[in-house]
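Asker:
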Amino acid sequence: MFVTLAAVLALIGAVAATYHFAMRPVTLRIAVGPANSDDVKVVQTLSQAFIQARGQVRLRPMQTDGAKASAQALADGKADLAIIRGDLDVPKNAQAVATLRKNVAVLWVPPAAKLKGKKAVPGITKIVQLSGQRIGVVGRTEANVNLLKVILRQYGVDPGKVEIVQFPAHEAAEAIRKQTANAYLAVGPVNSKITADAIAASMRDGGVPTFLAIDSAGAIAQNHPVYEASEIPAGSFGGTPARLEEEVKTIGFAHHIVARKSLEESTVAAFTRQLFAIRQTLKTDFPLAAQIETPDTDKDAVLPAHPGAAAYVDGEEKTFLDRYSDFIWFGLMGLSIMGSAGAWFAGYLKKDERHNNSTLRERLLDMIAAARRCDSIEELDRMQMEADDILRDTLRCFEHGAIEEGSLTAFNIALDQFHNAVADRKAVLMSMPQSLQRTGAQFRATGTL
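Sequential numbering of the sequence shown, starting at 1, is according to my numbering.
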């Protein structure tokens with residue numbers, strides 16, 4: 001009973017420990033940058049929301065110099081999650097968890113009236129006319145320049161014949177006001193404030209910029225799967241004179257939240273579940289959160305989804321019992337096997353004790369017959385003392401578990417018979433004369449009776 005109780009308590013303790021281990025909050029390091037970017041603001045907001053929601057997953061932001069540095073932090077194992085650009089080299093150990101936002105390329109030419117003291121280019125309405133021109137790129141990242149070169153090559157424009165200048169996003173408006181380029185490229189979400197401010201800075205004296213459509217976006221996407229054909233919807237950049245009246249075709253790509261491939265499936269599933277639950281509550285006060293989308297779970301996706309995120313999206317997320325039922329089952333089997341092995345081993349160790357007690361029980365049965373023939377009260381007393389020793393040994397064996405209750409019952413019957421035999425024989429001997437007792441003892445000693 002005590003062994004069974006101990007086994008049950010051990011099993012309950014193991015299940016409780018497993019549940020506590022599985023349900024304890026997990027802190028994930030997420031690499032994001034650069035400083036003061038929208039990505040950093042989104043991650044900081046999510047981190048605070050996760051703490052307030054007391055979820056299973058917590059976030060610890062790791063600020064980097066940009067998406068490329070964040071990807072390298074993930075590749076080096078310094079981060080568990082990272083915010084990366086889809087058009088950059090994705091680490092081999094990265095798998096998609098969510099799409100943070102979709103970005104589009106906005107390519108425009110400022111009004112001709114803006115080019116004071118410079119050669120006017122009023123005829124630039126197509127990308128093929130950018131050859132020999134100076135193009136300003138908003139942002140210091142090399143990825144934006146690479147995107148511009150991809151677009152130019154698609155239209156047969158040699159990037160080597162185009163002068164490209166870059167300036168930080170926070171200096172974009174001032175640089176554009178100085179008319180440092182003939183055309184500009186900005187990359188970001190539709191209606192990005194940085195892009196809208198850059199476009200507004202290129203407008204003076206009522207002039208309206210010319211947006212260059214990327215009609216070959218589909219062909220670019222076929223040649224470069226990291227990109228996708230997109231469009232800038234009509235009404236974008238509202239609130240400025242540059243508000244689009246018609247949609248403009250362009251090229252786009254995604255910013256992803258990725259996780260290390262080695263990160264546990266259950267942890268990523270919990271993070272994904274919390275992410276989309278929080279998104280619903282944050283999108284009113286923080287519109288950027290509304291742009292978060294589920295990852296592409298197709299097997300042929302450019303950036304494969306992490307199994308944990310795919311399980312959440314496909315509704316196949318495993319519960320606690322699903323994840324640990326095998327461990328619980330094998331634990332029960334292990335306890336059963338250990339119990340059986342322990343019982344066998346204990347029985348093996350006590351086999352000599354059982355054999356010795358069996359020999360003593362046979363001796364007690366022989367003493368019953370001897371007591372019925374005994375002619376000496378002294379001999380009966382000696383056998384009585386021997387029976388007491390056998391009783392003591394039998395009780396000790398029962399306490400040690402060497403014999404079972406049935407064997408003890410059989411021994412009690414034999415002991416009662418022995419006591420009866422001794423009592424009956426003593427009564428007979430005490431009723432006989434002493435001389436007759438001695439004569440009977442002599443006859444028995446010589447074997448003539």
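Glycine included, C-beta positions come from ideal geometry on N, C-alpha and C. All figures in this text were calculated on a predicted structure; none of them were measured in a lab.
1) Report back the beta-carbon spacing between Ile135 and Leu212 to the nearest angstrom; my notes put them in contact at under 8 angstroms.
2) Between the segment 364-373 and the segment 412-419, do three or more beta carbon pairs fall short of 8 angstroms?
3) Could you check the C-alpha separation between Leu429 and Met385 for me, to the nearest Å?
4) Round the Cβ separation of Glu293 and Phe253 to the nearest angstrom and send it over; I've been treating them as touching at under 8 angstroms.
5) Quick one: does Gly139 have its CB under 7 angstroms from some CB of chain C?
6) Which value, in whole angstroms, describes the spacing of the CA atoms of Asp80 and Gly207?
7) Can you give me the start and stop residues for the beta strand (DSSP E) that Pro188 sits inside?
8) Suppose contacts are defined by Cβ-Cβ distances below 7 angstroms. Is Ser131 in contact with Val157 by that definition?
9) Report buried or exposed for Gly55, applying the criterion of at least 16 other Cβ atoms within 10 angstroms of its Cβ.
10) Leaving out the 5 sequence neighbours to the left and right, which residues in its chain are closer than 6 angstroms to Lys116 when beta-carbon positions are compared?
11) Assuming Ala270 and Val57 form a contact by the criterion Cβ under 8 angstroms, report the distance between their Cβ atoms to the nearest whole angstrom.
12) Since Thr272 and Ala105 should fall inside the 8 angstroms C-beta cutoff, what is the C-beta to C-beta distance between them, to a whole number of angstroms?
13) When the Cβ atoms of the segment 163-178 are set against those of the segment 133-148, are three or more pairs found closer than 8 angstroms?
14) Is the beta carbon of Thr180 closer than 7 angstroms to that of Thr125?
15) By DSSP, does Glu316 sit in helix, in strand, or in coil?
16) Pick from Val40, Pro304, Asn146 and Val26: whose alpha carbon is nearest that of Ala289?
17) Where does Leu88 sit, in a helix, a strand or coil, going by DSSP?
18) Assign Gly136 to one of three DSSP states: helix, strand, or coil.
19) Flag this pair as touching only if the segment 80-96 and the segment 229-237 have three or more C-beta atom pairs under 8 angstroms; answer yes or no.
20) Counting only the same chain and skipping the five closest in sequence on each side, list residues whose C-beta sits under 7 angstroms from that of Gly13.
21) Does Ala371 come out as helix, strand or coil in the three-state DSSP assignment?
22) Given that a residue counts as buried once 16 or more other Cβ atoms are within 10 Å of its Cβ, and exposed if not, what is Asp375?
23) Taking 8 angstroms as the limit between beta carbons, can you name the residues of its chain near Gly218, skipping five residues before and five after?
Answerer: Per the coordinate set shown:
1) In the sequence shown, the residue the question calls residue 135 occupies position 135. In the sequence shown, the residue the question calls residue 212 occupies position 212. 11 angstroms between Cβ atoms; not a contact.
2) yes
3) As a first step, residue 429 must be located in the sequence shown, where it is residue number 429. As a first step, residue 385 must be located in the sequence shown, where it is residue number 385. Approximately 19 angstroms between the Cα atoms of the pair.
4) Within the sequence shown, residue 293 is the residue found at index 293, counting from 1. Within the sequence shown, residue 253 is the residue found at index 253, counting from 1. That pair is no contact at about 13 angstroms.
5) You won't find chain C in this structure, because it holds only one protein chain.
6) Locating residue 80 in the sequence shown gives position 80, counting from the first residue. Locating residue 207 in the sequence shown gives position 207, counting from the first residue. About 48 angstroms.
7) Within the sequence shown, numbered from 1, the residue matching residue 188 stands at position 188. Looking at the sequence itself, residue 188 is Gly, so the reference to Pro does not match. Residues Ala183 to Gly188.
8) Along the sequence shown, read from residue 1 onward, the residue named residue 131 stands at position 131. Along the sequence shown, read from residue 1 onward, the residue named residue 157 stands at position 157. Yes, the pair counts as a contact, with Cβ atoms nearer than the cut-off.
9) Mapped onto the sequence shown, residue 55 falls at position 55. Per the 10 Å Cβ criterion, buried.
10) As a working note, residue 116 is residue 116 in the sequence shown. Confidence in Lys116 is poor, its pLDDT being 48 and thus under 50, which makes the residue's placement unreliable; the coordinate value appears in the next sentence. Closer than 6 angstroms at the Cβ level, and outside the excluded window around Lys116, lies no residue.
11) As a working mapping, residue 270 is identified with position 270 in the sequence shown. As a working mapping, residue 57 is identified with position 57 in the sequence shown. Between Val57 and Ala270 the Cβ distance is about 5 angstroms, and since that is below 8 angstroms, they are a contact.
12) Indexing the sequence shown from 1 puts residue 272 at position 272. Indexing the sequence shown from 1 puts residue 105 at position 105. Contact flag wrong, Cβ pair sits at about 29 angstroms.
13) The answer is yes - the segment 133-148 touches the segment 163-178, with three or more Cβ pairs under 8 angstroms.
14) Taking the sequence shown and counting its residues from 1, the one referred to as residue 125 is at position 125. Taking the sequence shown and counting its residues from 1, the one referred to as residue 180 is at position 180. Not a contact, by the Cβ cut-off of 7 angstroms.
15) Counted from its first residue, the sequence shown places residue 316 at position 316. Coil at Glu316, not helix or strand.
16) Reading the sequence shown from its first residue, position 289 is the one you call residue 289. Ranking Val40, Pro304, Asn146 and Val26 by Cα distance to Ala289 puts Val40 first.
17) Within the sequence shown, the letter at position 88 stands for residue 88. Coil.
18) Indexing the sequence shown from 1 puts residue 136 at position 136. Of the three classes helix, strand and coil, the one that applies to Gly136 here is strand, per DSSP.
19) no
20) By 1-based counting over the sequence shown, the position of residue 13 is 13. Cβ neighbours of Gly13 beyond the five flanking positions: none.
21) Sequence index remark: in the sequence shown, residue 371 carries index 371 (1-based). Reduced to three states, the DSSP call for Ala371 is helix.
22) Numbered from 1 along the sequence shown, position 375 holds the residue referred to as residue 375. The residue is buried, with at least 16 neighbouring Cβ atoms inside 10 Å.
23) Start at 1 with the first residue of the sequence shown, and residue 218 comes out as number 218. Within the same chain, Gly218 has close Cβ partners Ala229.
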